[in-house]
Each structure stands twice: as structure tokens, then as C-alpha cells.
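Student: Going by the UniProt record's numbering, the first residue of the sequence shown is number 1, and it counts up by one from there.
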Amino acid sequence: MHKPHGKHINLALQGGGAHGAFTWGVLDALLEDGRLSFEGLSGTSAGSMNAVVMLDGLLEGGPERAREKLHAFWLAVSTAGSPFSTMGENAKTLLSGKPLFPDSWPVADWMRMWDTWISATTQGAHYNPLRDLLANQVDFERLRACPDTKLFLAATDVSTGNVRVFGTREIDVEVVLASACLPYLYPAIEINRHHYWDGGYMGNPVLFPFFYETKTQDILLVHVNPIVRKDVPDQPHEVMERLNEITFNASLLREMRAIAFVQKLIAEDWLKPEYRDRLKYIYLHAIRADRPLGDLSSSTKLVTDWSFLTMLKERGRHEAKLWLRQHFDDVGKNGTVDIQNEYLRGQEV
Numbered sequence: 001m002h003k004p005h006g007k008h009i010n011l012a013l014q015g016g017g018a019h020g021a022f023t024w025g026v027l028d029a030l031l032e033d034g035r036l037s038f039e040g041l042s043g044t045s046a047g048s049m050n051a052v053v054m055l056d057g058l059l060e061g062g063p064e065r066a067r068e069k070l071h072a073f074w075l076a077v078s079t080a081g082s083p084f085s086t087m088g089e090n091a092k093t094l095l096s097g098k099p100l101f102p103d104s105w106p107v108a109d110w111m112r113m114w115d116t117w118i119s120a121t122t123q124g125a126h127y128n129p130l131r132d133l134l135a136n137q138v139d140f141e142r143l144r145a146c147p148d149t150k151l152f153l154a155a156t157d158v159s160t161g162n163v164r165v166f167g168t169r170e171i172d173v174e175v176v177l178a179s180a181c182l183p184y185l186y187p188a189i190e191i192n193r194h195h196y197w198d199g200g201y202m203g204n205p206v207l208f209p210f211f212y213e214t215k216t217q218d219i220l221l222v223h224v225n226p227i228v229r230k231d232v233p234d235q236p237h238e239v240m241e242r243l244n245e246i247t248f249n250a251s252l253l254r255e256m257r258a259i260a261f262v263q264k265l266i267a268e269d270w271l272k273p274e275y276r277d278r279l280k281y282i283y284l285h286a287i288r289a290d291r292p293l294g295d296l297s298s299s300t301k302l303v304t305d306w307s308f309l310t311m312l313k314e315r316g317r318h319e320a321k322l323w324l325r326q327h328f329d330d331v332g333k334n335g336t337v338d339i340q341n342e343y344l345r346g347q348e349v
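Following this line, the structure appears as C-alpha cells:
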């Protein structure tokens, strides 16, 4: 595996359907820059897919091969026989700022539309085109043997409601599908007699494995779901879209509160000497989605038109290059996120 000289960092990649192409762009720019190496990768849903494809490429042939594999993966997504592909013809409408679903469409009708589409496919509801796509593009045996970078992929246990974090030695195509299993599109993924849905419900993405299983203090969090929207939604489709964003950010905000609390304990010397070595101060960095993806509704997470995906990629590249210019020198020295003001405003830690 190629080991670039430079600084080590952990990457945390949010999930968000086709908006994961924004993360593709971020990763592409980081790989092109070449000054960072990744000790840990945490991913959920589309973030899990980006993580496994990139790491497999790094193992196979270094940063350039990783960039090639990410490009090939998203190109395949754009042409895959998935329910997402039926939205492709609407990309131009969405990019013009018009809503995908008319206000007159009740959510129940939308859900029935998907149910009808899935039932109509020749392979039924159990067919997931991403299974073959991932199996063809990723060498999971090679991933499981990775000696340097640790993978942490999140899924939600349907029975308990708890997050399940799969580690490097457990990763296979079913784990990635579990991490990305939206229950209104696909049946739960069964692994060892447990059933799983999308990890975004309970960990989008999970950060806590970095605290205990990596040495690196720096975490770069790549968002695809805006945290803040200034306008209050009043139309049905707008309400549902904002609920989607809030739901898939909730677990992350809880982890932010935990990080802020530990930082306060360390900074204000509240820990007894025997406990100080058990906790580490996290240098948190973030590439937010509020500005670069704020003009897009959650409905566009279903759009896999190639022109739309490559537009998202370019936005991700732009944000990553901006972050590198502004904050690369801080890696290993300081965090560049004010957790209290940027994530927990109005809450006391």
C-alpha cells in the first residue's frame, strides 16, 4: 500500500444517497494533494461506499488508483439499474431550483410510487443493484487484510435500535449494503441472524471508534447533510425534506456534545491523574454542506444523472481545496471547528 509522507488524519464520511458524490469530490482533492494519510475511515451509507472504494484503490495502487476507482464507482452508480435511476431525467429541473415533487403529492403517494417500482422489477424487492456493483469493483478480501488503515462502518440494528459498528476484519459487501439500507427502498440486510437498516439513523457517521482505536487526534468530518437552514419549511415536501436532514444529523450532534464535554474536562483539568491518559483531546475539522449543498433539496439524494453527480464532485473538490489552503497547517496542532458555536449553539456543555 502506498504510504504518503505527511500528516495522519481520521476521515468521517456522512451518508446521504447521491449527495455522496460531493464526498467523492472531497476525497479526490485530498488524494490529489497527497499530503494526508488516513489512519481511520468511518462511513455510513454512501460514506461507507466511498470509504471502501477509496481504501481498496489505495491498497491496489496508491492515490491515483484510488481516484480512478472512485470515478469508476460513481460512473457505475449513474447507470445502475436502481430505483434512483428513474429520477435521472429530473436533474435539470432540480438544478434549476424547482422542487422534484409537486406540493400536491402526499408522502404516502410518494412511498406507494416506490413500492410499485420495486415490485415491478424482475428481481423484486430483494434486488439491490449496488450488490453486484460493489462486488465487481471492490476486493473485500484485500480490504479485510489491510494492515494500516482501520475501517468503521455503521448500521442500525432493527431489533435493538442500537448502532452496530463493523470493523475492518468484518467488512464485506453485505456490511456495506447494511450500512446503506433505506427501509423504504430495500428489506433489512441480515448478517449473522441480525437485521440491519441504514446506519444514518444511529450514527452518521460514528466518531467514537476513533477515540479508542486510533492514535491520531485529528478527525476531518465530511458532511453531506446541511446542519443549518435559515428558512422554516411550510410546504409538505419541504417539511419532509428538512425532517430527513434533522434525522440523519441527530446522532452526530449527540457525539459532538460528548466531544465538547471531554475537551472541557481536559482543558479545565478536571480529570484525576490516573484517568488523563485514557482520554485524548480531539482536533476536529469539518467540511460542511450548509453552503455548497444548501441549494439542493433532500429529494436530490435520489438523482444519479451523471451531470448531477459530477457537479457535486466539483463542489466537493472546491471545498476540499479551500479547506487544505486554510487549515492544513492546523492538522496535528489545533482543531478548526468551534463545536459549541457551530454545532451546539444554545446548549450548555
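Glycine is no exception: its CB is placed at the ideal position from the N, C-alpha and C atoms. None of these values were measured; they are calculated from a predicted model.
Taking the beta strand (DSSP E) that G43 falls in, what are its first and last residues?
Tutor: Here residue 43 corresponds to residue number 43 of the sequence shown, with the count starting at 1. Run containing G43: L36 to T44, per the beta strand (DSSP E) assignment.
Student: So is S307 buried or exposed if we call it buried at 16+ other beta carbons inside 10 Å?
Tutor: As a first step, residue 307 is located in the sequence shown; it is residue number 307 there, counting from the start. S307 is exposed by the Cβ-count criterion.
Student: CA-CA distance, S48 and G6?
Tutor: The residue given as residue 48 occupies position 48 in the sequence shown. The residue given as residue 6 occupies position 6 in the sequence shown. Rounded to the nearest angstrom, the two C-alpha atoms are 24 Å apart.
Student: Using 8 Å for Cβ pairs, my map puts V224 next to Q14. What's the rounded Cβ distance?
Tutor: By one-based count along the sequence shown, residue 224 stands at place 224. By one-based count along the sequence shown, residue 14 stands at place 14. 5 Å between Cβ atoms; contact.
Student: What beta strand (DSSP E) runs, 3 residues minimum, are completely inside the segment 169-241?
Tutor: Entirely contained in the segment 169-241, the beta strand (DSSP E) runs reaching 3 residues are, in chain order, 189-191, 194-198 and 218-222.
Student: Would W270 be called buried (16 or more neighbouring beta carbons within 10 Å of its own) or exposed?
Tutor: Here residue 270 corresponds to residue number 270 of the sequence shown, with the count starting at 1. Result: exposed.
Student: With respect to the alpha helix (DSSP H) encompassing G25, which residues constitute its N-terminal and C-terminal limits?
Tutor: Residue 25 sits at position 25 when you count from the first residue of the sequence shown. Counting along the chain, the alpha helix (DSSP H) containing G25 begins and ends at G20 to D33.
Student: Determine the contact status of V52 and L143, defining contact as a CB-CB distance below 8 Å.
Tutor: Working through the sequence shown from its first residue, we reach residue 52 at position 52. Working through the sequence shown from its first residue, we reach residue 143 at position 143. Result yes, Cβ atoms of V52 and L143 sit closer than 8 Å.
Student: Report the rounded CA-to-CA distance for M111 versus E241, giving the unit in angstroms.
Tutor: Position 111 of the sequence shown holds residue 111. Position 241 of the sequence shown holds residue 241. Confidence is the limiting factor: at M111 the pLDDT is only 45, short of 50, which leaves the residue's position unreliable and the question unanswerable from this model.
Student: If you draw a straight line from the C-alpha of D295 to the C-alpha of P273, how long is it?
Tutor: The count along the sequence shown starts at 1 and reaches residue 295 at position 295. The count along the sequence shown starts at 1 and reaches residue 273 at position 273. Approximately 49 Å between the Cα atoms of the pair.
Student: Determine the direct distance from the alpha carbon of K69 to that of I191, and round the result to whole angstroms.
Tutor: For the purposes of this step, residue 191 is identified with residue 191 of the sequence shown, where counting begins at 1. For the purposes of this step, residue 69 is identified with residue 69 of the sequence shown, where counting begins at 1. About 27 Å.
Student: Measure how close the beta-carbons of E39 and T168 come, nearest whole angstrom, since I'm counting them as under 8 Å.
Tutor: Reading the sequence shown from its first residue, position 39 is the one you call residue 39. Reading the sequence shown from its first residue, position 168 is the one you call residue 168. Not a contact, Cβ separation roughly 12 Å.
Student: Distance, Cα to Cα, A12 vs E255?
Tutor: Position 12 of the sequence shown holds residue 12. Position 255 of the sequence shown holds residue 255. Distance between the alpha carbons of A12 and E255: 12 Å.
Student: Using a 10 Å radius around the Cβ and a threshold of 16 neighbouring Cβ atoms, would you call T160 buried or exposed?
Tutor: In the sequence shown, the residue the question calls residue 160 occupies position 160. Its Cβ having fewer than 16 others within 10 Å, T160 is exposed.
Student: Taking 7 Å as the limit between beta carbons, can you name the residues of its chain near I339, skipping five residues before and five after?
Tutor: Position 339 of the sequence shown holds residue 339. Only M256, I259, A260 and L284 meet the Cβ criterion.
Student: Exposed or buried, which one is I9 when buried takes at least 16 other CB atoms within 10 Å?
Tutor: Residue numbering aside, residue 9 sits at position 9 when the sequence shown is read from its first letter. Result: buried.
Student: Is there at least one Cβ from chain C nearer than 8 Å to R315's Cβ?
Tutor: Annotation note: the requested chain C is absent from the structure, which comprises a single protein chain.
Student: Which of the three DSSP states, helix, strand or coil, is assigned to N334?
Tutor: In the sequence shown, the residue the question calls residue 334 occupies position 334. The answer is coil: DSSP assigns N334 none of H, G, I, E or B.
Student: Short check: CB of V163 to CB of F152, under 8 Å?
Tutor: Here the question's residue 163 lines up with position 163 in the sequence shown. Here the question's residue 152 lines up with position 152 in the sequence shown. No; because the gap between Cβ atoms is not below 8 Å, this pair is not in contact.
Student: Based on Cα-Cα distance, which residue from I246, H195 and F73 lies nearest to K313?
Tutor: Within the sequence shown, residue 313 is the residue found at index 313, counting from 1. With distances taken between Cα atoms, K313 lies closest to F73.
Student: CB L30 to CB A320, shorter than 8 Å?
Tutor: For the purposes of this step, residue 30 is taken as residue 30 along the sequence shown, with counting starting at 1. For the purposes of this step, residue 320 is taken as residue 320 along the sequence shown, with counting starting at 1. The answer is yes: Cβ separation under 8 Å.
Student: Could you give the first and the last residue of the continuous alpha helix (DSSP H) run that contains F140?
Tutor: Position 140 of the sequence shown, counted from the start, is the residue given in the question as residue 140. It spans F140 to R144 - the alpha helix (DSSP H) in which F140 sits, taken as one unbroken run.
Student: From G203 to S298, what does the alpha carbon distance come to, in whole angstroms?
Tutor: For the purposes of this step, residue 203 is identified with residue 203 of the sequence shown, where counting begins at 1. For the purposes of this step, residue 298 is identified with residue 298 of the sequence shown, where counting begins at 1. Spanning the two alpha carbons is a distance of roughly 18 Å.
Student: Can you tell me which of Q217, A154, I227 and I171 puts its alpha carbon nearest to the alpha carbon of Y196?
Tutor: As a first step, residue 196 is located in the sequence shown; it is residue number 196 there, counting from the start. Closest option to Y196, Cα to Cα, is A154.
Student: For F152, report the span of its beta strand (DSSP E) as first-last.
Tutor: Taking the first residue of the sequence shown as 1, we reach residue 152 at position 152. First-last of the beta strand (DSSP E) with F152: K150 to D157.
Student: When DSSP builds the beta bridges, which residues end up paired with V163?
Tutor: Stepping through the sequence shown from its first residue, residue 163 is reached at position 163. DSSP output for V163 lists T156 as bridge partner(s).
Student: Buried or exposed for A145, going by 16 or more other Cβ atoms inside 10 Å?
Tutor: Here residue 145 is taken as the residue at index 145 of the sequence shown, counted from 1. Classification for A145: exposed.
Student: Let me confirm a value: R345 is counted as buried when at least 16 other C-beta atoms fall within 10 Å, else exposed. Which label applies?
Tutor: Translated into positions along the sequence shown, residue 345 becomes position 345. Label assigned to R345: exposed.
Student: For the alpha helix (DSSP H) holding K313, just list the boundary residues, first then last.
Tutor: Along the sequence shown, read from residue 1 onward, the residue named residue 313 stands at position 313. From DSSP, the alpha helix (DSSP H) with K313 extends over W306 to H327.
Student: Return the Cβ separation of P226 and L293 in integer angstroms, given the expectation that the two are a contact with Cβ distance under 8 Å.
Tutor: Taking the sequence shown and counting its residues from 1, one reaches residue 226 at position 226. Taking the sequence shown and counting its residues from 1, one reaches residue 293 at position 293. With a Cβ gap of about 6 Å, P226 and L293 count as contacting.
Student: Can you check DSSP and say which residues form a bridge with K7?
Tutor: Numbered from 1 along the sequence shown, position 7 holds the residue referred to as residue 7. DSSP output for K7 lists L36 as bridge partner(s).
Student: Which two residues bound the contiguous beta strand (DSSP E) that contains Y283?
Tutor: Within the sequence shown, the letter at position 283 stands for residue 283. Segment Y283 to I287, the beta strand (DSSP E) holding Y283.
Student: Can you look up E342 in the DSSP assignment and give me helix, strand or coil?
Tutor: As a first step, residue 342 must be located in the sequence shown, where it is residue number 342. E342: helix per DSSP, three-state reduction.
Student: What number of angstroms, rounded off, separates the C-alpha of I266 from the C-alpha of Y281?
Tutor: The residue labelled residue 266 in the question sits at position 266 within the sequence shown. The residue labelled residue 281 in the question sits at position 281 within the sequence shown. Straight-line Cα distance between these residues: approximately 7 Å.
Student: Check each candidate in R276, H194, R193 and L182 and name the one with the smallest Cα separation from T247.
Tutor: Within the sequence shown, the letter at position 247 stands for residue 247. Per the Cα distances, L182.
Student: Per DSSP, what kind of secondary structure is A260 in: helix, strand or coil?
Tutor: Counting from 1 along the sequence shown, the entry for residue 260 is found at position 260. In the structure shown, A260 sits in a helix (DSSP, three-state: H, G or I).
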